[in-house]
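Participant: The letter at position 725 of the sequence shown is residue 725 when you use UniProt numbering, and the numbering goes up by one with no holes.
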Amino acid sequence: MVLSLLSLNVRGFKNVTKRKAIFLYCKAQVNVNCFFFQETHSSEEDFDFWKSQWGSGNIYLSHGSPRSAGVAIFLHNFDGKIVDHKSDTEGHWLMVNIEVDDTKYILVNIYGFNNRTKNQKFLTNINHKIINWKQMYATDKIIVAGDFNVVPDENQDRYPTQHNSPHFNKIISEFSNSLDLIDIWRRQNPNKLQYTWNNSQHSQRSRIDYWLVTSNLTSSTLNCNISHSPLTDHCAITLALSPEKNQPKNGTSHWKFNNSLVNDKNFCKKIKSLIPEIKEIQYLSPINRWEWLKFNIRKIAIVEGKILARKKRQEQTEIISKLTTLCNLTQLSEENVIEVNKLQSKLDELYTEKAKGAFIRSKAKWMEDGEKNSTYFFNLEKSRQRKKTITKLQIENSLVDDQNNIKDYITNFYKNLYTSQYSYQNTLLFERLIYDKVPKIDKTFRDLMESELTIDELDKAVSQMASGKSPGPDGITAEFYKHFWTDIREMLFEAFNECIDEQMLSPTMKRGIISLLPKPGKDVLLIDNWRPITLLCCDYKILAHIYANRLKSGISQIIDESQSAFIKGRHIHHHTRLILDILDYIQIIPQESLILFLDFFKAFDSLEHAFLFNALKTFGFESKFCNIIKMFYKDISSNIALNRGFSNSFPVNRGVRQGCPISPLLFIISAELLAIFLKYSPDFEGINIFDREFKISQFADDTALFLKNKNMVPVVINKILLFSRASGLTLNLKKCEILPIHTCNQSIIENIPVKSEVKYLGLIITKNSNDRESVNITPRLKTIQKTLNQWLGRGLSIFGRILLSKAEGFSRLVYPCHSLYTSPKNIKLSNSILFKFIWKNKTHYIRKSQLVRDYKNGGLKALDVESQIVAFRMKWLKGCISQPHSMWYHIPNKLFGKVGGLEFLLKCDYNISKVPIKLSNFYKQALEFGKMPFNHNFSPHNTVLWNNRFITVNKKSLFMSERYGNGVYFVHDLMRTDGRLLSYYEFVTKHKIKDSSNCYNKVCKAIPIPLLNLIQNILQYNEIKPQLSELKINNIPLKDKKCNNKLITLTFKQLIFCNFSINNRCDLETTQMNKSFSLYTKYPLPPKMKETHFKIISKIYPVGDFLHKRFKFESEPCIFCSSETETLEHLFYSCNQVKIFWSDIHNWLSLKILNIPFFSLYDVLFYMENLDPGISDVINVVIILCKHFIHLCKWKNTCPLFSIFLNYFSDYYKCLKCIPNKNKKTTVIYQNISKVLLF
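This is the structure we're talking about:
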């Protein structure tokens, strides 16, 4: 990595436009990754906003006063590591210790004093601190820079000078000598006269900004320059250091298409004219035409990209070049001074306009994607991580940092990994063991896989491609394909058909670039802990997507339910829940049972291609599809993206490429053969639970085996060895683990460690049910709180905070809460964390019950954790009832079968504590929540006899399977037509049940007498037939597909929160109320503007009257008229100053649009109805803009003036115009504003 630095005295950073302009100037400096700023005038309150305006990269500030001092170090595209940082309290120095390529540097940013005595004391103090850090961090590489306010040499570095020979500054000389520092610019330019500061007349000039570096860095210095910069009277000084000698220079970079070119008319014109030209080249085959097109796309993109970049820099470069030429003159004439000032003003104006344009584009981007479910928004707070590169590696028990050795080792490692070790004999042997056990695909699915490619499938595949992803070796991105899709689709379709016919991919489709990503929480010094992701060309991925889509439609025919990965409708939490069920009910598990967790070494990367092809045939896939899969892997190759450059290309003869759309499906097809082999192996005995044998559970390559006893461990290892020899997947015994279900005295079985808890599929599985929450939920809650708190500094609106409470908050709990019992304490704590964040850890102005409602009902769709947990449990109950034969629900269904089955139990009036079976906490919670929507209306004659909370013996409900099986469900079934209880003989005769009289009498005595009396009274007058109630949620049967998560969550919100579907925030008519509370959310408005409108319509806007009533603050008069109490109605409507403003707005609109009625109070506060549909949205958008303008005026303590509002509205329109991908609503509003309000 080249460490490139720039230092600049900015002469004040408080002005937001100037700061933005200088930020733009800095980021335009190619390859500079560290910036020193002096005279920033910063304070503590500036940090968050400056950081957000700077963007990605750390910033460090030493604060001065509002008018002087202040230094800062800003990082941009910096791939090194920050070790430490330190600063003073007066804004004169800042030290940062960084590590680049395993070399530590001490960076010191200085703003010197104008006073000699202060400067001497100041630099002496810095000297001591640097020496201290040199010893602490064992480094002698020091870089000091900034505005020293003194020149090194009064003869060469000041104009006019009073000396004829060198006259070095004693303070700087002593400081430099004591630390072995060298003025590197002067070392490189011994006789050059160039200055970094001048007064406005250029009569005084000096070089007071410079770099002092230790002598051991002089040989590493690539360049050190002085250059003019905008909006300051100081020049920028730059320094670039080369990497250490043992660090090789960067190799050829991977070219990537510049997506901004699709917005360049000239580029698009050239591409659109190129495509028909290449189509007409008849002597080229479709594949060669396609490859020739891609080659020319790259060629044009490179040329046009350079032209575009040159155009952007041209004006700036010319100005700076002229300035440098003039300022290097020994003496400047009056004309020279005028010309210099003109050029400097032009440079200042250039960057000021750039800043203003950037503000407009930034606001437009924020309006489009800010505080929405977009990559742009969520990437804002992702602190720039260090680039995932390997700088050190453990090689043969030695720590190696030489990059050449690391490169050779990694290349050989992956070259060997992808070298085939296939054995036909071993595959044949394995196939014979399982061939007659393997299921076959049906004819419909087989015909689909064999059918011809269609262009509609290409269209679908392109629409599925994610934007913002790294492209493959050809560098052409998904954004390019989407933009030019109508132009290139036919060419690509023809090329694909030729590939299929010839059974050969095009040259670029065969190639891949392997990017190594570290596995989270693993030791990055071990090569095993880096995951190889292959970057593939988009055209290849489109073709793979097509066949992946086909495969998904029928793959469940051949993949058993024990494998859940990559198949729609199957879930990861089934696996963890099954294991937890076993641990919760160890009394039903045989004594010596074990669970063996397998770890395969580089599973995806070691699958033999020939084994995969054979697996497809075994499952019944025919030749055409099999040949297409063979084509995907024929003669393919990859190289590895390393710290600097790429490895040599090598063939990939085994493994499915991670990054290929079809790879996961092909892998689970191959892994299914292992599951079939083990399931049908008679000498492998699994765990028998309620007459069902459990043997295997798979999620991709994560495999859990259920073993009858320890004797099964060597059996399954030997069987897996047979699979390994055939498939290439080998066990990593060091990472395999055994979890005994009961106690186990052994610590190792067959060289596999025996654990009391294991981490499986991201959850820590422990036998102690009380510990599961603390090890799985509690750490996640802490992470949520930390993550959300990082967002608080961004000043987001309530809309953004609610979105983040879901996306960065509860999303982290979804998976564990599906599998684990979640206590009321943690549900409450989760809700508390999320809603405290929503209200910025301050007063909650609106109740949670209101905030969780839909927009039209006055809420903001906030997430309630309890409702979500209830939905998860109801989903589990639904699955348990709907899939009674599924392995995932076998244990609960057998347990609930002891009380008539889960479906029957839910129809009973049960009490969890009285149900006559042992219930785990998870089951208790499911039944507790399950009772809520099924609170059946009490009808005495429909009273179910079994599992009834009121009919108990020894405090437990009753259930008798024989009587239940013979149709005895209700209390009514024990009664005569006159309402009296049947005698024992009458009961036995009626129901044909052999039962003891004592048992019958016990049941009869358990029925409460008041209940019997109620039923008896009914039977005296009515002939009744009791019926079991149906399980419905909102009148939709539980088993129905329409009974989905959304419906369940909505139902439970209605149960949990009173009047959930009613808006009690205002007294408007329903239509106007719904529009007022919902339509604004779809308008193209900044989130803060929407927040202001929401506060107004919800009557929580902080006017004086509200604050007085809510918090007993002293009642303040209106900020505008200073005479009346500041109520909501007064501030936004009836204040005299505001009335004038609304009158001006109405007059302005009336000039553009005829017959607009004057605004009423409700029109202003809520929504203006009864307007022409073509202008309704525009008028209401203008009203919301006006309200937000009044809001801004209130906090600026200025009256709302129409003339100023027009500028405000003009900025809004410019932002609207800049939104590139307008949705339908935004487009209509923009067009209508352009037609009727543009001025």
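Backbone N, C-alpha and C define an ideal beta-carbon position, used for all residues, glycine too.
From a predicted model like this one, the values you see are computed outputs, not experimental measurements.
1. Please report the Cβ distance between LEU239 and ILE182, rounded to the nearest whole angstrom; I am assuming they are in contact, meaning their Cβ atoms lie under 8 Å.
2. Kindly indicate which residue of ASN258, LYS828 and HIS202 has the alpha-carbon position closest to the one of PRO160.
3. Out of curiosity, what's the CA-to-CA distance linking GLN385 and ASN77?
4. To the nearest angstrom, how far is it from the Cα of LYS1139 to the Cα of TYR1083?
5. Looking at C-alpha atoms only, which residue of SER506, LYS825, PHE113 and ASP157 is the closest neighbour of PRO190?
6. Roughly how many angstroms lie between the CA atoms of VAL10 and HIS573, to the nearest whole one?
7. Which value, in whole angstroms, describes the spacing of the CA atoms of GLU39 and ASP348?
8. Thinking GLY655 and LEU607 are a contact (beta carbons under 8 Å), I'd like their distance in whole angstroms, please.
9. Have a look at the DSSP bridge pairing and note the partners of PHE74.
10. Enumerated in chain order, which unbroken segments of the beta strand (DSSP E) with a length of 3 residues or greater are wholly contained in the segment 351–431?
11. Considering TYR105, what are the terminal residues of the beta strand (DSSP E) in which it resides?
12. Taking its Cβ as the centre, do 16 or more other Cβ atoms sit within 10 Å of ILE959, making it buried, or is it exposed?
13. How would you label PHE619, buried or exposed, when you count the other beta carbons within 10 angstroms and need 16 or more for buried?
14. With distances taken Cα to Cα, identify the nearest neighbour of ILE951 among PHE929, ASN966, THR576 and PRO916.
15. Using 8 Å for Cβ pairs, my map puts PRO286 next to GLU494. What's the rounded Cβ distance?
16. Could you give the first and the last residue of the continuous alpha helix (DSSP H) run that contains ASP605?
17. Could you name each continuous alpha helix (DSSP H) segment of 4 residues or more that falls completely within the segment 500–560, going from the start of the chain to the end?
18. Identify every residue that forms a DSSP beta bridge with ILE975.
19. What are the boundary residues of the alpha helix (DSSP H) that includes VAL1182?
20. What's the C-alpha gap between TYR418 and ARG432?
21. Where ILE527 and ILE546 are concerned, what is the direct C-alpha to C-alpha distance, given to the nearest angstrom?
22. Between the alpha carbons of ASP864 and SER374, how many angstroms are there, rounded?
23. Would you mind working out which of GLN120, PRO1086 and ILE1007 sits nearest ASP1211, comparing C-alpha positions?
24. May I ask which residues mark the beginning and end of the alpha helix (DSSP H) holding SER811?
25. Just the Cα atoms here: how many angstroms apart are PRO1157 and LYS469?
26. Measure the alpha-carbon distance for ARG446 versus GLU622 and round it to whole angstroms.
27. Along the alpha helix (DSSP H) that carries MET136, what are the first and last residues, could you check?
28. Starting from GLN698, follow its DSSP beta bridges and name the residues at the other end.
29. Under 6 Å Cβ to Cβ from ASN405, same chain only, skipping five residues before and after it: list those, please.
30. Which residues in the same chain have their Cβ closer than 7 Å to the Cβ of GLY800, if we skip the five residues on either side of it in sequence?
31. Determine whether the beta carbon atoms of ILE765 and PRO816 lie at a separation below 9 Å.
32. Quickly, what does DSSP pair ARG158 with across the bridge? List them, please.
33. CA-CA distance, LYS14 and SER42?
34. Among LEU1079, ASN639 and LYS1152, which one has its Cα closest to the Cα of PRO473?
35. For HIS92, which option in ASP102, LEU308, ASN125 and THR103 has the closest C-alpha, if you only look at C-alpha atoms?
36. Using 9 Å as the threshold, is the C-beta distance between ASP180 and THR221 below it?
Facilitator: Concretely, from the data shown:
1. One-based indexing of the sequence shown puts residue 239 at position 239. One-based indexing of the sequence shown puts residue 182 at position 182. Incorrect: roughly 12 Å between the Cβ atoms, too far for contact.
2. For the purposes of this step, residue 160 is taken as residue 160 along the sequence shown, with counting starting at 1. Minimum Cα distance to PRO160 is reached at HIS202.
3. Within the sequence shown, numbered from 1, the residue matching residue 385 stands at position 385. Within the sequence shown, numbered from 1, the residue matching residue 77 stands at position 77. With a pLDDT of 44 at GLN385, under the threshold of 50, the modelled position of this residue cannot be trusted, and the question is left open.
4. What you label residue 1139 is simply residue 1139 of the sequence shown in a count that begins at 1. What you label residue 1083 is simply residue 1083 of the sequence shown in a count that begins at 1. Computed Cα separation, rounded: 25 Å.
5. Here residue 190 is taken as the residue at index 190 of the sequence shown, counted from 1. Taking only the C-alpha atoms, the option nearest PRO190 is ASP157.
6. Position 10 of the sequence shown, counted from the first residue, corresponds to residue 10. Position 573 of the sequence shown, counted from the first residue, corresponds to residue 573. Going from the Cα of VAL10 to the Cα of HIS573 covers about 56 Å.
7. Translated into positions along the sequence shown, residue 39 becomes position 39. Translated into positions along the sequence shown, residue 348 becomes position 348. If you take the alpha carbons of GLU39 and ASP348, they lie about 18 Å apart.
8. Counting from one through the sequence shown, the residue named residue 655 turns up at place 655. Counting from one through the sequence shown, the residue named residue 607 turns up at place 607. With 8 Å as the limit, GLY655 and LEU607 qualify as a contact, their Cβ atoms being about 6 Å apart.
9. One-based indexing of the sequence shown puts residue 74 at position 74. Answer by DSSP bridge pairing, in chain order: PHE35 and ILE59.
10. 393–395 and 398–400
11. The sequence position of residue 105 within the sequence shown is 105, counting from 1. From DSSP, the beta strand (DSSP E) with TYR105 extends over 103–111.
12. By one-based count along the sequence shown, residue 959 stands at place 959. It is Phe, not Ile, that sits at residue 959 in the sequence shown. Label assigned to PHE959: buried.
13. Translated into the one-based positions of the sequence shown, residue 619 becomes position 619. Answer is buried; the Cβ neighbour count reaches 16.
14. Against the sequence shown, residue 951 aligns to sequence position 951. Selected option, being the one with the closest Cα: PRO916.
15. Walking along the sequence shown from the start, residue 286 turns up at place 286. Walking along the sequence shown from the start, residue 494 turns up at place 494. The pair is a contact, with the Cβ atoms about 4 Å apart (cut-off 8 Å).
16. Counting from 1 along the sequence shown, the entry for residue 605 is found at position 605. 603–606 is the span of the alpha helix (DSSP H), which, as asked, contains ASP605.
17. 507–510 and 538–552
18. For the purposes of this step, residue 975 is identified with residue 975 of the sequence shown, where counting begins at 1. Here residue 975 turns out to be Met, not Ile, going by the sequence shown. For MET975, which the question treats as bridged, DSSP gives the partners LEU981.
19. The count along the sequence shown starts at 1 and reaches residue 1182 at position 1182. Element bounds for VAL1182: 1173–1196.
20. For the purposes of this step, residue 418 is taken as residue 418 along the sequence shown, with counting starting at 1. For the purposes of this step, residue 432 is taken as residue 432 along the sequence shown, with counting starting at 1. Whole-angstrom Cα-Cα distance: 27 Å.
21. By one-based count along the sequence shown, residue 527 stands at place 527. By one-based count along the sequence shown, residue 546 stands at place 546. Distance between the alpha carbons of ILE527 and ILE546: 34 Å.
22. Against the sequence shown, residue 864 aligns to sequence position 864. Against the sequence shown, residue 374 aligns to sequence position 374. Looking at the two C-alpha atoms, the distance is approximately 22 Å.
23. Here residue 1211 is taken as the residue at index 1211 of the sequence shown, counted from 1. Nearest option by C-alpha distance: PRO1086.
24. Residue 811 sits at position 811 when you count from the first residue of the sequence shown. Residues 811–819.
25. Reading the sequence shown from its first residue, position 1157 is the one you call residue 1157. Reading the sequence shown from its first residue, position 469 is the one you call residue 469. Taking the straight line joining both Cα atoms gives about 51 Å.
26. Taking the first residue of the sequence shown as 1, we reach residue 446 at position 446. Taking the first residue of the sequence shown as 1, we reach residue 622 at position 622. Going by the C-alpha atoms only, they are around 7 Å apart.
27. Reading the sequence shown from its first residue, position 136 is the one you call residue 136. Element bounds for MET136: 116–137.
28. By 1-based counting over the sequence shown, the position of residue 698 is 698. GLN563 and THR703, per the DSSP bridge assignment.
29. The sequence position of residue 405 within the sequence shown is 405, counting from 1. So the list is empty, once near-sequence residues are dropped.
30. For the purposes of this step, residue 800 is taken as the residue at position 800 of the sequence shown. Excluding positions up to five away in sequence, the list reads GLU371 and PRO1087.
31. Counting from one through the sequence shown, the residue named residue 765 turns up at place 765. Counting from one through the sequence shown, the residue named residue 816 turns up at place 816. Contact: no.
32. Position 158 of the sequence shown holds residue 158. Looking at the DSSP assignment, ARG158 forms a beta bridge with SER206.
33. Along the sequence shown, read from residue 1 onward, the residue named residue 14 stands at position 14. Along the sequence shown, read from residue 1 onward, the residue named residue 42 stands at position 42. About 7 Å.
34. Numbered from 1 along the sequence shown, position 473 holds the residue referred to as residue 473. Among LEU1079, ASN639 and LYS1152, the Cα nearest to that of PRO473 belongs to ASN639.
35. In the sequence shown, residue 92 corresponds to position 92, counting from 1. Looking at the Cα atoms, ASN125 is the closest of the given residues.
36. If you number the sequence shown from 1, residue 180 lands on position 180. If you number the sequence shown from 1, residue 221 lands on position 221. No. Outside cutoff.
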